[in-house]
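In the numbering used here, the protein residues as written are 278 to 605.
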C-alpha cells in the first residue's frame, strides 16, 4: 500500500512558501559548471509531497544529513526502497533522490553484482595500478596511427577519456545522467546475482572534496593533480572529483556519460562516505527481476542496440534477439 511522506522545510514558517529553481551556469574562463538555487517567498508554508512505498530502509547506503543550500532549513529525507524489481520502483527511487537534493543533477551507475565497489578499473588490479602510466604512454604512442583524427600532441586529459572509451584501464569511473541506463547495466549480466544501482549528487561530492559545488574541467587547477598522477607513477592525490566533460563520441551521447576521476590512494567511493555525507545512495536489483527489467527497458528504447551505436554491438543485439513472433 502506498503511503505519502513529506519533505518539509521546518523553517518555512518564517520563509513563507518557497519555490525552488535550480539552474546550471558555465564559466568558459574557469572551465567549471556551477549550480545556482533560487527561492521565491510566498505567504504560506511549503510542503513537497513525495509518494513512497512502504519498504524498510535496510541495505541502503545511509545518506546522512542533507546537503546545505542557501536556505537555512532542515529537510526530512524520505526513505528509499530497498530493492528494485520494476521500472516503477526505479522511478520512485529517482524521485526520492531528486527531492532530497532539490535538483535534477543526479548521476547514476549500475553494477551487475551488488558486491562490486565504486573503484576505477586501473585500481582493481595490482599490476594495472603499477603500470598505469606505462599503459597510457604506450596508448599515446600507438593511438594516432590507428585513429588519424587524434592529434599527435594529444593532451593528457583528452587521452584519458579516449583510453577509457576504448577499454584501457584508467582512473576514470563512468556515470550516466539516466537512471534507466544505469539499470540496464545493472541487469544486463550476471543473471544469478543481485545487482546495484547507485545515485550520486556530484555537486555534493565536490563540495566535500574540493570545497565548492562545481564541476571542474579535467584541465582545471582543481583536477590537474589527479591527471598528472595518472602519468607519473608514484604521484599521490587521494581525492575523488566529479568532472564536467564534453561528448567526444556517439557512445557518450547515447549513454549520457559523465565521469569521476579518482586519486591513486583513494578508497572506493562508497567507503569514503561519512555518516554526515548524503551525496551517495544505492538500491539492490534482485537477480530474479533482471530479465523482466531488461524487457521493460527494451520496450522503452533502452538496449544494447541504442546504447552502443556501432556495428559490432548492433550485430550482437540482432544475434541475441527473439524472433519467434516473426515466424520462419
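Don't be surprised by glycine CBs; every beta carbon is placed ideally from N, CA and C.
| Check | Outcome |
| --- | --- |
| Best match in 477, 492, 547, 521 for proximity to residue 373 [C-alpha to C-alpha] | 477 |
| Burial state of residue 423, where buried means 16 or more other Cβ atoms lie within 10 Å | exposed |
| Simplified DSSP assignment, three categories, for residue 394 | coil |
| Neighbour-count burial assignment, residue 415, 16 or more Cβ in a 10 Å radius | exposed |
| Residue from 430, 446, 402, 404 with nearest C-alpha to residue 413 | 446 |
| Presumed contact (8 angstroms Cβ cut-off) between residue 560 and residue 400, rounded CB distance | Incorrect: roughly 25 angstroms between the Cβ atoms, too far for contact. |
| For residue 275, the first and last residue of its enclosing beta strand (DSSP E) | As shown, the chain starts at 278 and ends at 605. That puts residue 275 outside it, with no answer to give. |
| Segment contact flag, the stretch 518–531 with the stretch 492–499, C-beta cutoff 8 angstroms, min 3 pairs | yes |
| Where residue 355 sits in the DSSP three-state scheme | Note that residue 355 has pLDDT 39, beneath the 50 cutoff, so the model's placement of it is unreliable and no number is given. |
| Residue 528 vs residue 442 beta-carbon contact at 9 angstroms | yes |
| Residues bridged to residue 451 [DSSP beta-bridge criterion] | 536 |
| Simplified DSSP state of residue 595, which is helix, strand or coil | helix |
| Residue 387 beta carbon less than 9 angstroms from that of residue 461 | yes |
| For residue 475, the three-state DSSP class (helix, strand or coil) | strand |
| Beta-carbon contacts of residue 587 that lie in its chain and below 6 angstroms, excluding the five residues immediately before and after | none |
| Closest by C-alpha distance to residue 457, when choosing among 365, 554, 508 | 365 |
| Reduced DSSP category for residue 372 - H, G, I as helix; E, B as strand; rest coil | helix |
| Interface flag, residue 488 vs chain B, CB-CB below 9 angstroms | Among the chains in the structure shown there is no chain B, since it carries only a single protein chain. |
| Short Cβ contact (9 angstroms threshold) for residue 507 with residue 437 | yes |
| Opening and closing residue of the beta strand (DSSP E) in which residue 560 lies | 557–562 |
| Residue 548 vs residue 392 beta-carbon contact at 9 angstroms | no |
| Opening and closing residue of the beta strand (DSSP E) in which residue 502 lies | From DSSP, residue 502 is part of no beta strand (DSSP E) but of the alpha helix (DSSP H) over 501–508. |
| Cβ-Cβ distance between residue 594 and residue 479 below 9 angstroms | no |
| Beta bridge counterpart(s) of residue 494 as assigned by DSSP | 521 |
| Contacts around residue 405, its chain only, beta-carbon distance under 6 angstroms, and the 5 residues preceding and following it disregarded | 399, 446 |
| Any non-hydrogen atom of the ligand NAP closer than 8 angstroms to residue 481 Cβ | In terms of ligand content, the structure shown is empty, and the ligand NAP therefore cannot be addressed. |
| Whole-angstrom distance between residue 397 and residue 363, CA atom to CA atom | 28 angstroms |
| First through last residue of the beta strand (DSSP E) which encompasses residue 386 | 384–388 |
| Pick from 539, 408, 403, 439 that is closest to residue 417, judged by C-alpha positions | 439 |
| Selected residue, minimal CA-CA separation from residue 471, among 454, 459, 592, 566 | 566 |
| Nearest neighbour of residue 467, chosen from 408, 545, 390, 410 [CA to CA] | 390 |
| Beta bridge counterpart(s) of residue 361 as assigned by DSSP | 562 |
| Outcome for residue 537 when other beta-carbon atoms lying within 10 angstroms are tallied against a minimum of 16 | buried |
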